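Reviewing the structure listed below.
2 protein chains.
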Amino acid sequence: MTNDTTDQPLLRIQEVAAETGLTSRAIRYYEEIGLLEPAARSDGAYRLFDASDLERLRFIKELRDDAGFSLAQIGQLLEDEVARQRNRERLRTTSEPGERRAILQDARIRTEQQIATLREKRDRLDTMIAEAEGRLEHIDGHLVELDAGLEAHS
Amino acid sequence: MTNDTTDQPLLRIQEVAAETGLTSRAIRYYEEIGLLEPAARSDGAYRLFDASDLERLRFIKELRDDAGFSLAQIGQLLEDEVARQRNRERLRTTSEPGERRAILQDARIRTEQQIATLREKRDRLDTMIAEAEGRLEHIDGHLVELDAGLEAHS
DNA sequence: AGTGACCTTTACGTCAACGTCAATGTTGCG
DNA sequence: CGCAACATTGACGTTGACGTAAAGGTCACT
Numbered sequence: 006m007t008n009d010t011t012d013q014p015l016l017r018i019q020e021v022a023a024e025t026g027l028t029s030r031a032i033r034y035y036e037e038i039g040l041l042e043p044a045a046r047s048d049g050a051y052r053l054f055d056a057s058d059l060e061r062l063r064f065i066k067e068l069r070d071d072a073g074f075s076l077a078q079i080g081q082l083l084e085d086e087v088a089r090q091r092n093r094e095r096l097r098t099t100s101e102p103g104e105r106r107a108i109l110q111d112a113r114i115r116t117e118q119q120i121a122t123l124r125e126k127r128d129r130l131d132t133m134i135a136e137a138e139g140r141l142e143h144i145d146g147h148l149v150e151l152d153a154g155l156e157a158h159s
Numbered sequence: 006m007t008n009d010t011t012d013q014p015l016l017r018i019q020e021v022a023a024e025t026g027l028t029s030r031a032i033r034y035y036e037e038i039g040l041l042e043p044a045a046r047s048d049g050a051y052r053l054f055d056a057s058d059l060e061r062l063r064f065i066k067e068l069r070d071d072a073g074f075s076l077a078q079i080g081q082l083l084e085d086e087v088a089r090q091r092n093r094e095r096l097r098t099t100s101e102p103g104e105r106r107a108i109l110q111d112a113r114i115r116t117e118q119q120i121a122t123l124r125e126k127r128d129r130l131d132t133m134i135a136e137a138e139g140r141l142e143h144i145d146g147h148l149v150e151l152d153a154g155l156e157a158h159s
């Protein structure tokens, strides 16, 4: 069937940095504060990252840059790294359907929570946009009023 | 006509803090980095804030908390304080229509710029939401697949 | 086996955005 | 006028999110 002994190409930190747009330092820092654990280490102690690590790092960067969350908030929002490692292992080892289902359900809940949090933030932005549009119309009102005054004067 | 010798009630810093949800320290800091200049000072040197100051501070807080902008970015986005003081004065003194029109046009441009910036940020959030929804459907796909397997098995 | 490019940990430095004293002055009420 | 509550300007401290330099190992290649 499907080959799940995935022989993924593992990347070293600088390649990951180039790929994600983060710095090596930032990546190490994220590990330090528990945002991710690289998939493996080399015989020497080089950090080795797999595709899932890259995905996670890209997501972290988006949450930081685009959504403007703090790393602490991102930690809350993301599955904690301990559980992620556990599930990564469990999904590879077990093919017991109940187990797989539980893991997937777990991921589903978290993803829905993430969507809710993102929507909240977007809604607040929408409110701010609406307010700004209100100010714009207010200004336009004054401008029209001014023009009316000029017209009446001529 | 309209009474423009507005005798506004001026607030002291702690009242402003209570009103806006900022701390006194933060408000002083915003002044320090040039985000706003209180409308007046008392005989002693107490800072005194008017309604326009409150509005500006509330906007700053929203930009910081809800939109996640840095104070530097907020400084860019807001009319710089020097111009604001100048315009505040000019709008009160001059009733020359050309002058008033210029000031209003100026405010209009800035407000439109603010709206554009906010929309950019909202669009990036929308993209992230769409991506998260994609992940959700991906998970659901796996779940359905799993259920199908179970069903076929029974 | 040697070399250059990359990696490791450790540790101190930095910048933003304030918090927190300390020493002193101001307001307004009885 | 006396006093409590609030204000002022320094100035130093703190936290988050890294930057940067030092002292040394590792990898891949010749």
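Protein chains in written order, with the numbering used here: chain A, 6 to 159; chain B, 6 to 159.
Even for Gly, the Cβ is constructed at its ideal location relative to N, Cα and C.
Remember, it's a predicted structure, so these values are computed and weren't measured experimentally.
If you run the structure through DSSP and keep just helix, strand and coil, what is residue i?
i        : result
A:ASN8   : Model confidence at A:ASN8 stands at a pLDDT of 44, short of 50, so the residue's coordinates are unreliable and nothing is read from them.
B:LEU62  : helix
B:ARG52  : strand
A:ARG129 : helix
A:LEU16  : strand
A:ALA153 : helix
A:ALA45  : strand
B:LEU40  : coil
A:ALA72  : coil
B:GLU104 : helix
B:ILE144 : helix
B:THR116 : helix
A:GLY139 : helix
A:THR99  : coil
In the DSSP assignment, find the alpha helix (DSSP H) that holds residue i and state where it starts and stops.
i       : result
A:ALA31 : 29 to 37
B:LEU83 : Segment: none, B:LEU83 is in no alpha helix (DSSP H) and carries neither H nor E.
Comparing C-alpha positions only, which one of the options sits nearest to residue i?
i        : options                                   : result
B:GLN110 : A:LEU68, A:LEU148 and A:ALA157            : A:LEU148
B:ARG52  : B:ARG63, B:GLU36 and B:ALA72              : B:GLU36
A:LEU68  : A:ASP58, A:PHE54, A:ASP55 and A:LEU83     : A:LEU83
A:GLN118 : B:LEU141, B:ILE120, B:LEU123 and B:ARG127 : B:LEU141
A:PHE64  : B:ARG105, B:ALA77, B:HIS143 and B:ALA137  : B:ALA137
B:GLU24  : B:ARG93, B:ARG95 and B:GLU60              : B:GLU60
A:SER29  : A:GLY103, A:GLN13, A:LEU62 and A:ILE114   : A:LEU62
A:ALA160 : B:ILE38, B:ASP85, B:ALA135 and B:ARG106   : Outside the displayed span of chain A (6 to 159) sits residue 160 of chain A, for which this structure offers no information.
B:TYR34  : B:ASP48, B:ILE18, B:SER47 and B:GLY49     : B:ILE18
B:GLU125 : B:SER57, B:GLY73, B:GLN13 and B:GLU104    : B:GLY73
A:ILE120 : B:LYS66, B:THR99 and B:GLY139             : B:GLY139
A:ASP58  : A:GLN13, A:ALA135, A:GLU104 and A:GLY146  : A:GLN13
A:ASP85  : A:ALA112, A:GLU20 and A:GLY49             : A:ALA112
Since residue i and residue j are thought to touch, with beta carbons under 8 Å apart, how far apart are those beta carbons, to the nearest angstrom?
i        : j        : result
B:GLY15  : B:ALA45  : Checking the displayed sequence, the identity of residue 15 of chain B turns out to be Leu instead of Gly. With 8 Å as the limit, B:LEU15 and B:ALA45 qualify as a contact, their Cβ atoms being about 6 Å apart.
B:ASP71  : A:ARG129 : 4 Å
A:LEU123 : B:MET133 : 6 Å
B:LEU76  : B:LEU40  : 7 Å
A:THR116 : B:ILE114 : Not quite, the Cβ-Cβ distance comes to about 41 Å (not below 8 Å), so this is no contact.
A:ASN92  : A:ILE108 : 5 Å
B:ILE32  : B:ALA22  : 6 Å
A:ARG89  : B:ASP131 : Not a contact, Cβ separation roughly 26 Å.
A:LEU160 : B:PRO102 : With chain A represented from 6 up to 159, any question about residue 160 of chain A goes unanswered, as that position is not in the structure.
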